[in-house]
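Remarks on the structure that follows.
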Amino acid sequence: GGDQSVVNGQSVIAVVGGSGAIQADKIAIGDIYGDAAAPSSPAEFAELVSSLADLITEAKNAGELPDTMAAKAISSLVETTELIKKEEKPPKGQIMRRLQYVADVLEAAVDMFSGADGVASIQLRALPVVNLLIRVAGRIL
């Protein structure tokens with residue numbers, strides 16, 4: 012008995028966390044994480060966190076993310092990258108909270124743009140990456 016979401020529209024981008032399911036009329040099949048391969052070491056994890064910060068900078072520069080939201084998310088990701096590189100055993104809880112904060116920022120920004128009939132294509136590429144990081148953080152850190 013997991014949650015279920017039904018989505019209708021021209022295209023669907025979705026991530027299922029936990030024991031959920033998604034149904035859609037039209038859904039793209041393929042690598043939901045785009046170019047992001049699941050990291051298998053703390054060094055690869057830190058590299059993907061850094062790449063996510065770059066993607067958020069790109070979204071800000073494209074006008075998809077307000078400057079203040081982008082600055083907070085980027086700061087959180089930079090600090091996370093430093094923690095992972097500095098600590099022999101990085102603090103999982105703290106890293107997970109930072110990544111969840113970034114996911115929340117991105118989701119709020121997507122909602123802002125969706126409500127205004129805007130396009131948030133860079134943000135939509137970033138959301139699956141941050142969700143991938145959250146999913147694998149406990150396993151490799």
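Note that this note's numbering has the sequence shown beginning at 12, numbered continuously upward.
Here a beta-carbon is modelled for each residue, glycine too, at the ideal position from N, C-alpha and C.
Since the structure is predicted, the reported quantities are computational estimates derived from the model, not experimental observations.
task: Mark Pro102 as exposed unless 16 or more other C-beta atoms lie within 10 angstroms of its C-beta, in which case mark it buried.
output: Its Cβ having fewer than 16 others within 10 Å, Pro102 is exposed.
task: With a threshold of 16 other CB atoms inside 10 Å of the CB of Lys71, please say whether the residue is buried or exposed.
output: Buried: at least 16 other Cβ atoms inside 10 Å.
field: the region 84 to 94 touching the region 56 to 73, judged by at least three CB pairs closer than 8 Å
entry: The region 84 to 94 is in contact with the region 56 to 73.
field: Whole-angstrom distance between Ser87 and Val140, CA atom to CA atom
entry: The C-alpha of Ser87 is placed about 15 Å away from the C-alpha of Val140.
- request: With DSSP as the reference, label Ile40 as helix, strand or coil.
  value: Bear in mind that a pLDDT of 41 at Ile40, under 50, signals an unreliable position, so the number given afterwards is only what the model happens to contain. Correct three-state label for Ile40: coil.
task: Measure the CB-CB distance between Pro53 and Ile106 and report whether it falls below 7 Å.
output: With a cutoff of 7 Å on beta-carbon distance, Pro53 and Ile106 are scored as not near each other.
field: Distance between Glu99 and Glu165 (C-alpha atoms, nearest Å)
entry: As shown, the chain starts at 12 and ends at 152. That puts residue 165 outside it, with no answer to give.
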